[in-house]
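Okay, structure first, notes after.
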Amino acid sequence: MTPLAKLLEAALFASARPISTDELAALDGEASRAELQSALDEIREHYDVEGHGVELSELAGGWQILTRAEYTEAIERAQLAARPARLSGAALESLAIIAYRQPISRSEIEEIRGVAVGGMLKSLHERGLIDVVGRGEGLGRPLLYGTTPLFLEHFALRHLEELPRADELAIALRVPVRDADAEPVASAAAAASAGSAGSE
Amino acid sequence: MTAVFQSDTSANPESGFHVELTAFSGPLDLLLSLIREEQVDIYDIPIARICEQFVARIRTLGLNEAAEYLEMAARLLRIKAQMLLPRTESEQWEDPRAELVRRLLEYQQMREVVDVLERRGEERRNQFARAYLPQAAAPPQAPLALSLAELLAAVDRVLRASKVPNMHEVIPRALDVPGAITIIRSVLAMRARIMWTDIITSASEPWQILSTLLGLLELAKLGEIKVAQLKPYADVEISRDTASEAA
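Order-wise, the sequence lines are chains A and Z.
Per the numbering used here, the very first residue in the first sequence carries number 975; after that it's consecutive.
Per the numbering used here, the very first residue in the second sequence carries number 553; after that it's consecutive.
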């Protein structure tokens, strides 16, 4: 491996969190972005080709060395490390809505999920997956929530755009346009009444 | 309802009831699964049938204590009622199910994203990152190895460095209310009516004025004297309270 690749490897090994390219650049002031990228590629290939137990992953706007999934069970059985608890379906629902509609208020999330989410937001906030990103214009200036870098890390996403776009989902729905949701309702109504015309 | 983790199915201490989390994550979830089971068109929901099923289901699942499910049941019943109302061909008929359909579609779309997140989260969960190493506990601070002279010198340096504060000497002078009361009583014993300016002179010090004022208020409270001011800023008139004297 090149000296730069070794330096980056050491830094990635030392850090408990993903390291962004900017942070990697600070390790060697002379290295260009292209050189950093090729050094990262070199590390990744090194792990993949020679068959290491770890791999280099790109996530949450940075890079991180992770163990390969096939060794997880053995590591956990030996109690050397434990997997974090799975998020509940309700937690995932709230996160999905926040990820797509951020910044979003509690009442807007409740409107989509059909249940109260106050306690859920508190737990997600405590877990560091969401954060308050501002206040809304509406009555009482409600808190607006957004996802955090830890959210990306938790789901191994490089950035939010890696989630399927709204129009890529099987059911294409309105792209979040605040206070302009009259049109989709009308079209849904039209579709519904068109469907019912034959049967009723 | 608010548990973040699947393993955590214990009842939410804040709410009096317990909703099984793994079954349904909300009324829309239950509704969608009914629609799927019944294999009906989401754009043309047979509302009477689905409504009955929904109510029956929340009973068997013990969800009928949860406000959200009850609210949805009420909403379905209302839509059912609206559907039964006769409608004329001429006026524009708005499908009462439209809003529900919109919400269901929106919810279903969100569930698709949940599937993506669930898959990605599970993949990441099966990989370990470098474990977080807790900071080594800070060693207990060594006892101060200082002589008294060194400590005093240090205090002196600190005091010298700081700006000399603007100091005032404050002489404690307690108010003498009992004394003032005695004076007022003795003056009133001689004269039935006195003026404020009779007992306070321009030479009186603030503590004396305050003592006299408090003394007057105390006597007035006890009912021994009457205090009157005939017009604003006029001199205050103090007189014996004859009514209480008689009593």
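Backbone N, C-alpha and C fix where the C-beta goes; we use that ideal spot for every residue, glycine too.
Outcome for residue i when other beta-carbon atoms lying within 10 angstroms are tallied against a minimum of 16
i, result
"F1037(A)", "Per the sequence presented here, residue 1037(A) reads as Trp, with Phe not at that position. When all chains shown are included, W1037(A) counts as buried."
"S738(Z)", "exposed"
"F987(A)", "exposed"
"E1175(A)", "Residue 1175(A) lies beyond the stretch modelled for chain A, which goes from 975 to 1174, so this question has no answer here."
"R1087(A)", "buried"
"P992(A)", "buried"
"G767(Z)", "buried"
"R1051(A)", "exposed"
"A744(Z)", "exposed"
"A730(Z)", "In the sequence under discussion, the amino acid at residue 730(Z) is Pro, which differs from the Ala named in the question. Exposed."
"S577(Z)", "buried"
"Y785(Z)", "exposed"
"T640(Z)", "exposed"
"V710(Z)", "exposed"
"T734(Z)", "exposed"
"M1094(A)", "buried"
Any chain A beta carbon closer than 8 Å to residue i
i, result
"V607(Z)", "no"
"P784(Z)", "no"
"G673(Z)", "yes"
"V668(Z)", "yes"
"N678(Z)", "yes"
"V592(Z)", "no"
"Q634(Z)", "no"
"A600(Z)", "no"
"Q661(Z)", "yes"
"E620(Z)", "yes"
"A681(Z)", "yes"
"P638(Z)", "no"
"L613(Z)", "no"
Other residues of its chain near residue i: CB distance less than 8 Å, five sequence neighbours each side excluded
i, result
"S1079(A)", "G1110, G1112, P1116, L1117, L1118 and Y1119"
"L1069(A)", "L1061, L1098, L1103, I1104, T1121 and F1125"
"E1016(A)", "M975, T976 and A979"
"A999(A)", "A1005, R1007 and L1010"
"S585(Z)", "F576"
7 Å Cβ shell around residue i - same chain, five flanking residues per side excluded
i, result
"T794(Z)", "none"
"I599(Z)", "L628, I631, K632, M635 and R649"
"H1128(A)", "L1103"
"R1152(A)", "Residue confidence for R1152(A) is low, a pLDDT of 42 falling below 50, so the modelled location carries little weight and cannot support an answer."
Residues of its chain near residue i, where Cβ-Cβ distance is below 6 Å and the 5 sequence neighbours each way are ignored
i, result
"L1098(A)", "I1104"
"I746(Z)", "V739 and I790"
"A780(Z)", "E789"
"I1071(A)", "I1083 and I1086"
Whole-number beta carbon distance between residue j and residue i, since they are thought to touch under 8 Å
i, j, result
"R676(Z)", "I1039(A)", "The pair is not a contact, with the Cβ atoms about 14 Å apart (cut-off 8 Å)."
"L1033(A)", "D1002(A)", "Between D1002(A) and L1033(A) the Cβ distance is about 22 Å, and since that is not below 8 Å, they are no contact."
"R1132(A)", "G1035(A)", "7 Å"
"I602(Z)", "V653(Z)", "That belief does not hold up - the Cβ atoms of I602(Z) and V653(Z) are roughly 12 Å apart, past 8 Å."
Cβ of residue i within 8 Å of any chain Z Cβ
i, result
"L1147(A)", "Its pLDDT being 46, under 50, L1147(A) is placed unreliably by the model, and the measurement read from it follows with that caveat. Yes, L1147(A) lies at the interface with chain Z (some Cβ there is under 8 Å from its Cβ)."
"R1087(A)", "yes"
"A1034(A)", "no"
"H1128(A)", "yes"
"P1123(A)", "no"
"Q1176(A)", "Since the first residue of chain A shown is 975 and the last is 1174, residue 1176(A) is not available in this structure."
"T995(A)", "no"
"E1009(A)", "no"
Completely contained alpha helix (DSSP H) runs for the region 728-766 of chain Z, where each covers 4 or more residues: 729-742 and 748-751
Quick one: complete alpha helix (DSSP H) runs, 4+ long, within the region 1066-1128 of chain A? 1080-1087, 1092-1100 and 1123-1128
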